[in-house]
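Q: Pasting a structure below so you can have a look.
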Amino acid sequence: MVRRVKKKGPWILHYLVMILVAGVMLAPFVWLVLSSLKTADQVFTTPPTWIPRPVQWSNYTDAFKSMPVLLYTRNTLLITLLCIIGYLTSGSLVAYAFSRMRWPGRDVFFFILLATMMLPAQVTIIPLFVIFRKLHWINTYYPLVVPSYLTGWPFFVFLLRQFFLAIPSDLSDAARVDGASHFGTYWRILLPLSKPALATVAIFAFLLHWNDFFGPLIYLTEDAKSTLALGLAVYAGKHPSEWSILMAVSIVMLIPTVLVFFFCQRYFVEGITLTGMKQ
Amino acid sequence: MGYVFASPWLIGFLVFGVIPIVLSFYYSFCRYDVLRPPMFVGLKNYKYLLTESPLFYKSVYNTLYYTVCRVPLVIVGSLLLAILVERPRPGVGAVRTLYYLPSIVSGVALSVLWLWLYNPKFGLINQWLGWLGVPGPLWLESERWSKPAIVLMGLWSIGGGRMIVFIAGLNGIPREMYESAVIDGAGWWSRFRYITLPQISAVLFLLTVVEIITSFQVFTEAYVMTRGGPLNSTLFYNLELYNKAFLDYQMGLASAMAWLLFVATLLVTLALFKYLGSRVYYEAGVPK
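Chains as they are written, first to last, in the working numbering: chain U, 1 to 279; chain D, 280 to 567.
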């Protein structure tokens, strides 16, 4: 912005700084990938070296042997997918109620919904733990999944509502005049038009639960039910020096998020502009 | 009919909002170990925390230290990043993506990675410092450097995420303002000070509030990397709360901690809105 003035000199400098910073941001990732292929001997050398020599692919097979990585991945995927479905269904229904329907108290409730976005989790976590314990839900996936079907993350309702409001109301009005029910309008008009917003919610929800640590830490007690994040943290606590294995598992955990990110970049921007951060 | 569509949220709000808040408030006045029913003890938990608990003030101090270091660093750092890649130029899209990348990565994986980067002997950071001729500290193994280490790691992991918000703010500034400023002979500093800063003050303010609240909640890094050590130097508020609740099963005491944190967060946010919020409005002109 400052460089609106047309001078050629600072251009090169600008690019140099940009690339240098990019190098600093990227270096830990490169280091992570390279370290995951080093032998245990090479990991513990001073000064540290970058290039794995020899390249030890067996770190990955070792990692899969010493930690049930596949089981953890399956568990994490299961929780994440169930939650995504939950947020999409409950979130879009509630967003419809807050954008296309008139009912007493709607605006007050919407204000409360916004306020609950700011409620710190600590205040509710202990009673929720107690409640879930009474329901015998500890060490099950219910505490992690059920909230998503009750719009456990109100931000998604907010995001979808903003998107619904941007869709011309003529369309849904016309459908209503032609005798479509609210559910019909929601299902056949609004949802098909909202694919980008639904995708944004799905992606944010994916990141949220794929990376979630606190929930699994509190509610899952049995190793066989553990998620990748929890499994990795527990393993790092027990075997702090098995670096190549820890690095390999970290990479397994990172790959899906990085892929999702690269293929769905525009939805991230969508989420930011939709929720009014732009102003 | 509206209630039917809104029912998932209404039920969720009741079950995951209202009921837990009421219970949590009640527990904070009880001794409660989950196994036996809660026993009312009045203000004892709060009194214990504020006057006797050896670790409470330690965790408050650590969290404030972390917040005071992290917030300005992240705000300035991410604003600089945003300025660096704000203008669409060839290759800028890819660079933006790279800067943003750490923000989507799991906190646990990041912590494991940085644990290794900070390793005094085999890690990358002290090697780099060595190149600069600076003897590296023990980082996470040292009482003095453990908090700065977690702050630095935070800058790297969230800077790109905050940058995106700043870019959106910078893009909203009308170009003509800069053009007329240049014609009037304003240098880059005056343009930054009198155009950019006021124009993005709303974003700046919002991110400051968000950053402070986030800093108060720091947990995963400390849990994975140090478990609060060495010598409790990274025992942050939420880690202490977790320990009290889920290791010692002192649910009443932990609930009292949660409420103190909640009130502190609320007061800080209100104070920010009172003292800074009005300035934002004034400088940004008519908000949309």
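No residue lacks a Cβ here, since even glycine has one placed at the ideal position from N, Cα and C. A quick note: this is a predicted structure, and the numbers were derived from the prediction, not measured.
On a CA-only basis, which of 514/D, 369/D, 393/D and 280/D is nearest residue 343/D? Give me that one, please.
A: The shortest C-alpha separation from residue 343/D is found at 514/D.
Q: Any Cβ of chain D within less than 8 Å of the Cβ of residue 157/U?
A: With 8 Å as the cut-off, residue 157/U counts as an interface residue toward chain D.
Q: For residue 432/D, does the three-state DSSP call read helix, strand or coil?
A: In the structure shown, residue 432/D sits in a helix (DSSP, three-state: H, G or I).
Q: Pull up the distance between the alpha-carbon of residue 512/D and that of residue 539/D, whole angstroms please.
A: Residue 512/D and residue 539/D: Cα-Cα distance of roughly 21 Å.
Q: Between residue 128/U and the rest of its own chain, which residues show a CB-CB distance below 8 Å, the 5 nearest in sequence each way excluded?
A: Cβ neighbours of residue 128/U beyond the five flanking positions: 143.
Q: Which term fits residue 338/D, buried or exposed, when burial requires 16 or more other beta carbons within 10 angstroms of its beta carbon?
A: Burial call: buried.
Q: By alpha-carbon positions, which one of 78/U, 219/U, 215/U and 204/U ends up nearest to residue 258/U?
A: Comparing Cα-Cα distances from residue 258/U to each of 78/U, 219/U, 215/U and 204/U, the minimum goes to 204/U.
Q: For residue 2/U, which residues in the same chain have their Cβ closer than 7 Å to its Cβ, ignoring the five residues on either side in sequence?
A: Because residue 2/U sits at a pLDDT of 49, beneath the cut-off of 50, its placement in the model cannot be relied upon, and the point is left open.
Q: How big is the Cα-Cα spacing for residue 393/D and residue 172/U?
A: Answer to the nearest angstrom: the Cα atoms are 51 Å apart.
Q: Return the CA-CA distance between residue 112/U and residue 118/U, expressed in angstroms with no decimal places.
A: Approximately 10 Å between the Cα atoms of the pair.
Q: Which chain U residues are close to residue 300/D, counting only those with a beta carbon under 7 Å from its beta carbon?
A: Correct list: 123 and 124.
Q: Quick one: what's got a C-beta closer than 7 Å to residue 360/D's C-beta in the same chain, skipping five residues either side?
A: The residues are 378, 438, 439 and 442.
Q: Among 156/U, 157/U, 158/U and 132/U, whose alpha-carbon lies nearest the alpha-carbon of residue 146/U?
A: Checked all of 156/U, 157/U, 158/U and 132/U; the closest Cα to residue 146/U is 132/U.
Q: Could you spell out where the alpha helix (DSSP H) holding residue 222/U opens and where it closes?
A: Premise fails: residue 222/U is in no alpha helix (DSSP H) and is neither H nor E.
Q: Report back the beta-carbon spacing between residue 158/U and residue 87/U to the nearest angstrom; my notes put them in contact at under 8 Å.
A: Actually they do not touch by this definition, with Cβ atoms about 12 Å apart.
Q: Counting Cβ pairs closer than 8 Å, one from the segment 360-375 of chain D and one from the segment 446-456 of chain D, do we hit at least three?
A: Because the criterion of three Cβ pairs below 8 Å is met, the segment 360-375 of chain D and the segment 446-456 of chain D touch.
Q: Report the residues of the segment 281-297 of chain D with a CB closer than 7 Å to any CB of chain U, ordered along the chain.
A: Answer in chain order: 281, 282, 284, 285, 287, 288, 290, 291, 292, 294, 295 and 296.
Q: Using C-beta distances below 7 Å, list every residue in its chain close to residue 222/U, excluding the 5 sequence neighbours before and after it, in chain order.
A: Taken in chain order, the residues that qualify are 139.
Q: When Cβ atoms are compared, which residues of the segment 175-194 of chain U fall closer than 8 Å to chain D?
A: Answer in chain order: 182 and 186.
Q: DSSP beta-bridge partners for residue 309/D?
A: Note: residue 309/D sits in a beta bridge opposite 319/D.
Q: So, using beta-carbon positions, are residue 247/U and residue 36/U closer together than 8 Å?
A: Going by C-beta atoms, residue 247/U is nearer than 8 Å to residue 36/U.
Q: Answer with buried or exposed for residue 498/D, where buried requires no fewer than 16 other C-beta atoms within 10 angstroms of its C-beta.
A: Residue 498/D should be labelled buried.
Q: DSSP state of residue 25/U, grouped into three classes?
A: Residue state, collapsed to three classes: helix.
Q: Can you name, in chain order, every residue of its own chain whose Cβ lies under 8 Å from the Cβ of residue 189/U, other than the five neighbours on each side?
A: Only 171, 172, 175 and 180 meet the Cβ criterion.
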